[in-house]
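Peer 1: Take this structure first; my questions come after.
Residue numbers (UniProt numbering): 1 to 199.
Here you go:
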């Protein structure tokens, strides 16, 4: 687990490989500037080293092109996984000045944003995966409020009551501890990015 806190964002991340595996097939990348917060997550198909190589190809591209808009990043991530197993991918970008976020995904990575008023935003996942073949991407735009919290995770984490997760405690560290307590069986690779947009 790792954590980071800036003047406007608090982040907790976690990653673990499937029980018995050395390599984790999930990868993620988080970066923040004065203008935006970018979160990219990838889950390589299958598990082990080849899955890891596919997911890392995605985060390597995100690291090099973090200033790009979400749709362009999705296209570059798609190109990056050519000649790999392929990966499911989600790209999330919060724009601080306009209080908007832009989201695109292909596959079963899930994302939730919980507002201070108790509203839950859950963009529906798009079926499929990135393989390098040309495809169009659905890009969604939403507004967010200061004090909103969010969670992005791979399918190694299964949540049934998302709202109750956010209402247990306001503290990101407390939510993260609760999530980790649910991840003892090691049935799959798992990663999550948990954040608070504090102002």
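All C-beta atoms in this analysis are idealised placements derived from N, C-alpha and C, irrespective of residue type, glycine included.
#1: Anyone know if the C-beta pair for residue 172 and residue 71 falls short of 8 Å?
#2: Hey, residue 53 and residue 33: beta-carbon distance below 8 Å or not?
#3: What distance in whole Å lies between the Cβ atoms of residue 73 and residue 91, which are believed to be in contact at a cut-off of 8 Å?
#4: Could you check the C-alpha separation between residue 39 and residue 50 for me, to the nearest Å?
#5: How long is the line joining the alpha carbons of residue 153 and residue 135, rounded to whole angstroms?
#6: In the DSSP output, which residue or residues are listed as bridge partners for residue 66?
#7: From this set, 131, 110 and 130, which residue's C-alpha is nearest residue 121's C-alpha?
#8: Do residue 55 and residue 43 count as a contact pair if the criterion is CB distance below 8 Å?
#9: Is residue 41 buried or exposed, if buried means 16 or more other CB atoms sit within 10 Å of its CB?
Peer 2: With the structure as the only source:
#1: Here residue 172 refers to the residue found at position 172 when the chain shown is read from its first residue. Here residue 71 refers to the residue found at position 71 when the chain shown is read from its first residue. No, they are not a contact pair.
#2: Within the chain shown, numbered from 1, the residue matching residue 53 stands at position 53. Within the chain shown, numbered from 1, the residue matching residue 33 stands at position 33. The answer is no: Cβ separation not under 8 Å.
#3: Residue 91 sits at position 91 when you count from the first residue of the chain shown. Residue 73 sits at position 73 when you count from the first residue of the chain shown. About 5 Å separates the two Cβ atoms, so the contact holds.
#4: Here residue 39 corresponds to residue number 39 of the chain shown, with the count starting at 1. Here residue 50 corresponds to residue number 50 of the chain shown, with the count starting at 1. The alpha-carbon atoms of residue 39 and residue 50 are separated by roughly 22 Å.
#5: Counted from its first residue, the chain shown places residue 153 at position 153. Counted from its first residue, the chain shown places residue 135 at position 135. About 23 Å.
#6: On the chain shown, position 66 is the one that residue 66 refers to. For residue 66, which the question treats as bridged, DSSP gives no partner whatsoever.
#7: In the chain shown, the residue the question calls residue 121 occupies position 121. With distances taken between Cα atoms, residue 121 lies closest to 110.
#8: Translated into the one-based positions of the chain shown, residue 43 becomes position 43. Translated into the one-based positions of the chain shown, residue 55 becomes position 55. For residue 43 and residue 55, yes; Cβs fall inside 8 Å.
#9: On the chain shown, position 41 is the one that residue 41 refers to. Flag for residue 41 reads buried.
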